[in-house]
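Residues 1 to 211 in full-length UniProt numbering are what the first sequence spells out, letter by letter.
Backbone N, C-alpha and C define an ideal beta-carbon position, used for all residues, glycine too.
Remember, it's a predicted structure, so these values are computed and weren't measured experimentally.
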Amino acid sequence: MNTIAVIDFETTGLSPARGDRATEIAAVLLRDGQIVDRYQSLMNAGLSIPPFITQLTGISTSMVRQAPPAERVMAEVADFVGTIPLVAHNAAFDSRFWDAELRRIGRQRHQSFVCSMLVAKRLMPQAASYKLGNLVAMAGLPTAARAHRALADAEMAAHLTLHLERELMRRFGLDSVTHELLGRIQRASAGGLQGCVERHLRERKMGMIKV
DNA sequence: TGCCAGGCCCTCTTTAGGGCCTT
Numbered sequence: 001m002n003t004i005a006v007i008d009f010e011t012t013g014l015s016p017a018r019g020d021r022a023t024e025i026a027a028v029l030l031r032d033g034q035i036v037d038r039y040q041s042l043m044n045a046g047l048s049i050p051p052f053i054t055q056l057t058g059i060s061t062s063m064v065r066q067a068p069p070a071e072r073v074m075a076e077v078a079d080f081v082g083t084i085p086l087v088a089h090n091a092a093f094d095s096r097f098w099d100a101e102l103r104r105i106g107r108q109r110h111q112s113f114v115c116s117m118l119v120a121k122r123l124m125p126q127a128a129s130y131k132l133g134n135l136v137a138m139a140g141l142p143t144a145a146r147a148h149r150a151l152a153d154a155e156m157a158a159h160l161t162l163h164l165e166r167e168l169m170r171r172f173g174l175d176s177v178t179h180e181l182l183g184r185i186q187r188a189s190a191g192g193l194q195g196c197v198e199r200h201l202r203e204r205k206m207g208m209i210k211v
């Protein structure tokens, strides 16, 4: 079964290495071209929320103080996604927080991340901006009522991922798109998409890639 | 002391610098 988990964090800042912590997490499961399940929770890491973050996200210190402990939420969401491969918009950011928060509960990631922003740069080279909201609007996809909340952003990134998968299927005549292929696309050179897909199909046919 | 993310990408590049994207 080809399932992908699209995740999104809200945090107190940009860098777990500088002490920033997650304040909210959402995970959206995609299977057979549609959203099949969702997880979302605020989390209390014991930190106050900077005013700028409250202004950006609407998440306040009082909200996270009433939320379950970060440790419990991370254990729940890690169990929810299991070993399903992950996608995030600007995955370098979310993967740092995912790994850092898991490390705090003595767990580690066992799957790879794909970045929907990097895949979009390959498949939507005409885009003027690769911000999540702009790509979603440009593709005519459903926009979230409240951006900068974890579930709303994860759902927008999920719709963008489905759009990118459909674009790959249309352009290359594929009947399905795997996380492995998305990973190859994000690393491909601008002119190397065709060869990248052909190599994937060849290895898939030889049984080197599990679908 | 002073500074403070980090990875990708483009170009006035490659012995580098700056913009984008995430909160």
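| query | Does the distance from the CB of Ala127 to the CB of Met117 come in under 8 Å? | reply | Not a contact, by the Cβ cut-off of 8 Å.
| Where Glu165 and Leu193 are concerned, what is the direct C-alpha to C-alpha distance, given to the nearest angstrom? | Computed Cα separation, rounded: 14 Å.
| Beta carbon of His179, beta carbon of Val114: below 8 Å? | Yes, Cβ-Cβ distance for His179 and Val114 is below 8 Å.
| message | Three Cβ pairs or more, each shorter than 8 Å: is that satisfied between the stretch 49-65 and the stretch 75-85? | response | Cβ pair count under 8 Å is below three, so no.
| Neighbourhood of Leu56 by C-beta, 7 Å cutoff - its chain only, sequence neighbours within 5 removed | The answer, listed in chain order, is His148.
| request: Identify every run of the alpha helix (DSSP H) within the stretch 126-184, keeping only runs that are complete inside it and at least 4 residues long; order them along the chain. | output: If only uninterrupted alpha helix (DSSP H) runs of at least 4 residues are considered, those enclosed by the stretch 126-184 are 132-138, 150-172.
| task | Can you check the stretch 66-122 for any beta strand (DSSP E) of at least 3 residues that lies completely inside it and give the ranges in chain order? | result | Counting only runs of 3 or more, we get 86-88, 113-115.
| field | Nearest-angstrom Cα separation, counted from Met206 out to Gly13 | value | Answer to the nearest angstrom: the Cα atoms are 45 Å apart.
| query | What's the gap between the Cα of Ile53 and the Cα of Val197? | reply | About 40 Å.
| Between the C-alpha atoms of Tyr130 and Arg103, what's the straight-line distance to the nearest angstrom? | Rounded to the nearest angstrom, the two C-alpha atoms are 30 Å apart.
| field | Candidates Leu42, Ala5, Arg184, Leu182, of which the one nearest Gly82 by Cα | value | From the listed residues Leu42, Ala5, Arg184, Leu182, the smallest Cα separation to Gly82 is found for Ala5.
| request: Give me the Cβ distance between Ala70 and Arg21, rounded to the nearest whole Å; I'm assuming they're in contact under 8 Å. | output: Contact holds; Cβ gap of about 7 Å.
| message | For Ile105, tell me which candidate among Arg72, Leu162, Asn90 has the shortest Cα-Cα distance. | response | The residue from Arg72, Leu162, Asn90 with its alpha-carbon nearest to that of Ile105 is Arg72.
| Span separating the alpha-carbon of Ser62 from that of Asn44 | Each residue's Cα considered, the two are about 10 Å apart.
| request: Could you pull out every residue in the same chain whose Cβ sits closer than 6 Å to the Cβ of Gly133, ignoring the five residues on either side in sequence? | output: Hits under 6 Å: Ala147.
| Whole-Å CB distance - Leu182 paired with Val136, under 8 Å assumed | Leu182 to Val136, Cβ: 17 Å. No contact.
| field | Segment limits, alpha helix (DSSP H) that includes Ile53 | value | Looking at the DSSP string, the run of the alpha helix (DSSP H) that includes Ile53 is 51-57.
| request: Could you give the DSSP three-state label for Ala45: helix, strand or coil? | output: Coil.
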